[in-house]
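So the sequence shown is residues 4 to 350, counted in the working numbering.
Ideal Cβ positions, reconstructed from N, Cα and C, are used throughout, including at glycine.
Heads up, the thing below is written out as structure tokens.
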Amino acid sequence: MPLLPNPSERWNIRAGRTPGLLLDVRMAPHQFLAVIGAAEVGLFDALRDGPADAASLAKATDSSPVGIEVLAKVLVALGYLDEEDGRYALTEVSAKTLPIDELPAMAAFLKEGVRQSLDIARVVKENPPGGVLGWGAIRSGEMALGYHALMRWLASSVVDEVARRATFPRAARRLLDVGGAHGLYTMALCRKYPLLQGAVFDLPAGLASAKQTLPLNSDVSDRIELVQGDFNQDELPEGQDVVFLANIVHGQTAENNADLFQKIGRATTRRGMVLILEQVPDVPQTQLGKGIAAIFGLMLYLFSSGQAYPYERLTGWLEDAGFGDIKRQELRVAPGFSLVSARKRPR
Ligand SMILES: C[S@@+](CC[C@H](N)C(=O)[O-])C[C@H]1O[C@@H](n2cnc3c(N)ncnc32)[C@H](O)[C@@H]1O
């Protein structure tokens with residue numbers, strides 16, 4: 004959780020009196036390391052059953068008592084843990100929202116991503132096709148497991164707001180979730196619209212994630228189909244009333260996006276619509292939202308030559324593919340994330 008400066012500290016940072024660079028180059032990387040370290044030694048797991056002091060935590064995590072205490076104190080400062088009388092505990096929010104079982108897998112993926120991205124100067128100078136990791140790196144194995152655990156956790160945090168804000172025509176019967184992975188959005192949307200049949204379209208590792216979540220959502224799972232495919236190689240299944248894309252556009256080059264939107268145009272029915280969840284950096288939003296959207300852009304540029312594309316670019320692809328009536332809203336629980344909808348233009 005971020006360290007939040009109070010108004011006067013913020014003022015001093017903005018005025019250059021506080022060395023803000025320190026927050027970026029010394030604090031932020033060590034915040035990352037503290038969470039990764041805790042995940043790897045099993046610190047959160049060791050606190051799952053209740054508070055413990057540093058000595059018991061050291062034993063439970065097979066760590067040095069000094070090391071575990073240094074780490075625990077940072078996690079207290081960041082809001083992951085509480086400390087009282089030398090005993091540490093998960094905060095209420097950590098207990099409710101931390102994906103403790105998934106954290107070690109997520110940590111492995113996150114670390115590898117950072118390790119590869121340390122070559123950033125070269126990537127900025129040369130713009131290598133496919134970025135530094137690329138989709139090939141997460142097609143299988145540990146990297147795929149960690150990546151998809153991260154996607155599931157992120158989606159579980161924002162899915163309620165997305166489903167609440169999504170509005171489909173009453174006649175909508177078929178929804179295609181392109182790159183839908185875990186399928187959590189499809190499930191929530193099918194729950195909201197009881198006549199909807201959903202399909203999750205993804206690569207095998209994405210569908211493996213859906214196979215984990217489907218049995219936990221038995222109220223809608225029989226309305227959801229898993230479709231294996233590559234949206235850059237294959238056509239999308241036709242006859243869709245709604246095509247949903249969450250966090251897909253940012254991971255692709257502009258050329259691939261232009262093609263993908265044409266496919267979406269062909270896959271949707273005459274009155275079909277598209278719903279997109281993306282980080283759009285240039286729409287009116289808070290400074291945090293703008294920052295998150297821009298950093299997502301850098302992250303995806305490094306990852307796979309993607310970008311957080313400007314709003315006009317997104318609307319241009321939609322219009323070229325036959326969509327109009329384009330609307331946009333910003334999410335509250337996820338600053339930097341916008342939900343964009345568009346309807347097929349009558350011919
Ligand atoms: C950033 S994740 C988004 C997952 C989900 N939509 C969400 O927002 O949580 C991107 C997804 O697109 C899938 N994907 C990437 N390239 C693909 C391709 N060429 N064809 C099909 N799926 C692809 C990945 O497997 C992954 O599940």
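- Distance check between R273 and each of F306, Y314 and G327 places G327 closest, using alpha-carbon atoms only.
- D85: not part of any alpha helix (DSSP H); member of the beta strand (DSSP E) spanning L84 to E87, first to last residue.
- Leaving aside the five residues that flank P102 on each side, the residues in its chain whose CB is nearer than 6 Å to its CB run, in chain order, W156.
- Straight-line measurement puts the Cα of L136 at about 32 Å from the Cα of A98.
- Take the alpha-carbon of P8 and the one of L24: they are about 14 Å apart.
- Proximity to F299 across Q288, Y314, Q282 and T289 peaks at Q282, based on C-alpha coordinates.
- Rounded to the nearest angstrom, the gap between the Cα atoms of A261 and Q231 is 21 Å.
- In this structure R168 touches L342 by the C-beta definition: roughly 6 Å separates them, less than 8 Å.
- Of all alpha-carbon atoms in S212, A202 and Y196, the one lying nearest the alpha-carbon of S143 is that of S212.
- Put simply, the segment 223 to 238 touches the segment 199 to 209. At least three CB pairs are less than 8 Å apart.
- In this structure, S344 is the residue among A140, I123 and S344 with its C-alpha nearest to the C-alpha of V245.
- The beta carbon of L239 is closer than 8 Å to those of L179, V181, F204, G232, V246, K266, I267, R269 and A270 in its chain, skipping five residues each way along the sequence.
- Shown here, L210 sits in a helix according to DSSP, grouped into three states.
- In the displayed model, F326 falls within a strand according to three-state DSSP.
- M146 has its CB no nearer than 7 Å to any heavy atom of ligand 1.
- Proximity to A37 across L84, R17 and Y188 peaks at L84, based on C-alpha coordinates.
- The segment 302 to 309 makes contact with the segment 246 to 255, as at least three CB pairs between them are under 8 Å.
- In the DSSP assignment, V38 falls within the alpha helix (DSSP H) that extends over A31 to V44.
- Here DSSP, grouped into helix, strand and coil, assigns E238 to coil.
- Straight through space, the alpha carbons of L206 and G116 are spaced by roughly 20 Å.
- The closest heavy atom of ligand 1 lies 7 Å or more from the beta carbon of I298.
- The closest heavy atom of ligand 1 lies 7 Å or more from the beta carbon of A49.
- Taking a C-beta distance under 8 Å as the contact criterion, M109 and L46 do not qualify as a contact pair.
- Around the beta carbon of K347, 16 or more other beta carbons lie within 10 angstroms, which makes this residue buried.
- Between the alpha carbons of R118 and A31 lies a distance of about 15 Å.
- At least one heavy atom of ligand 1 sits closer than 7 Å to the Cβ of D233.
- Counting the other Cβ atoms within 10 Å of the Cβ of A324 gives 16 or more, which makes it buried.
- Exposure of W14 is indicated by the presence of fewer than 16 other C-beta atoms within 10 angstroms of its C-beta.
- For S307, the number of other beta carbons within 10 angstroms of its own is at least 16, and it is reported as buried.
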